[in-house]
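Asks: Structure in structure tokens, see below.
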Amino acid sequence: MPSNLIGLYDGLKLSTADLDGSNRGMVISAHPDDGDLGAGGTVALLAQNGLSIRHIVVTDGRKGSPDPDTDQKLLVQNRLAEQKAAAKHLGVESVRSLSFPDGELKADRTLLEALVREIREFKPEIVFTHDPESVTSGSGWIHHNDHRATGSAVIDAVYPAARDPLNFPDQIRDGLEVHNVQTLYLWDTNKANINVDISEVFEQKLLALLSHHSQFPNSARLVNNSRIQWQDVDGRYREEFRKLDLWA
């Protein structure tokens with residue numbers, strides 16, 4: 000793992016050497032662009048160092064436009080294409096959409112089953128997703144209900160559903176195996192306990208974000224805001240997470 004995967008935990012420097020045994024990572028985001036905003040730099044670092052990364056987009060993103068006359072079917076196609084283009088900049092190997100309706104997501108049994116299937120199939124050691132506890136942020140930002148529903152369902156999928164063979168036993172009969180995710184990284188959190196220096200891959204993160212043309216039509220504004228948002232006081236660029244070690 001790269002030396003810049005260093006975290007802050009209770010004010011102390013923490014090496015993430017526990018990631019050395021990881022071979023696969025999964026990003027699970029509510030909409031196209033969410034994962035690149037939340038964890039794009041860290042994902043690029045992990046991919047750079049040999050991890051196979053899969054990105055699961057839960058909803059179809061059909062409501063992601065301020066124009067009431069938007070062709071929603073075309074928007075869905077464009078946003079998935081944008082996500083796949085962004086993935087190439089970060090080294091993400093595959094992108095899948097679960098195609099749940101945008102803006103209507105519930106952390107119910109249907110979503111849980113779909114997420115458990117993805118986890119059991121790909122078998123990631125680490126998973127990145129939204130922090131479901133963050134309804135608002137310190138800046139007054141309200142986090143989308145789909146974000147909270149996704150984060151909540153992912154946590155339930157990771158533990159205990161993907162682990163237990165009596166949860167969705169049809170999947171086991173289909174040939175899938177139970178799986179234990181080792182570590183969760185939650186972005187958009189008010190309880191960050193780790194940060195990752197993404198300075199060396201920050202331009203890759205920017206290119207990924209710029210791929211989402213439908214969401215960020217003003218590229219100059221996006222670049223300027225991104226540099227402000229992720230730049231620390233020392234001039235380095237960092238992403239913050241709430242890290243949960245599940246099987247330490």
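Counting from 0, one number per residue, gives the positions in the sequence shown under numbering that gives the first Met the number 0.
Where a beta carbon is used, it is the ideal one built from N, C-alpha and C, also for glycine.
The model shown is predicted, which means the values in this text are computed figures rather than measured ones.
1. I need the straight-line Cα distance from Ser98 to Glu239, nearest angstrom please.
2. For the putative contact between Ala152 and Leu111, defined by C-beta atoms under 8 Å, what is the C-beta separation to the nearest angstrom?
3. What distance in whole Å lies between the Cβ atoms of Thr149 and Ile52, which are believed to be in contact at a cut-off of 8 Å?
4. Among the candidates Leu243, Arg241, His211, whose CA atom is the shortest distance from the CA of Gly60?
5. Please confirm whether Leu89 and Tyr158 have their CB atoms less than 8 Å apart.
6. Would you mind sorting Leu114 into buried or exposed? The rule is 16 or more other CB atoms within 10 Å of its CB.
7. Can you give me the Cβ contacts of Asn189 inside the same chain, cut-off strictly under 6 Å, excluding the 5 residues immediately before and after it?
8. Within the chosen definition, does the region 176-185 reach the region 114-131 through at least 3 CB pairs nearer than 8 Å?
9. Among Asp169, Asp163, Asp107, which one has its Cα closest to the Cα of Asp145?
10. Could you tell me the distance, in whole angstroms, from the CA atom of Gln214 to the CA atom of Thr69?
11. Which first and last residues belong to the alpha helix (DSSP H) in which Trp229 is found?
12. Can you list, in chain order, the residues of its chain whose CB lies under 7 Å from that of Gly102, leaving out five sequence neighbours each side?
Replies: Let me spell this out:
1. 28 Å
2. 6 Å
3. About 18 Å separates the two Cβ atoms, so there is no contact after all.
4. His211
5. no
6. buried
7. For Asn189, the CB contacts under 6 Å within the same chain, skipping 5 residues up- and downstream, are Ser133 in chain order.
8. yes
9. Distance from the Cα of Asp145 is smallest, within the candidate group Asp169, Asp163, Asp107, for Asp107.
10. 13 Å
11. 218-229
12. Lys62, Asp145
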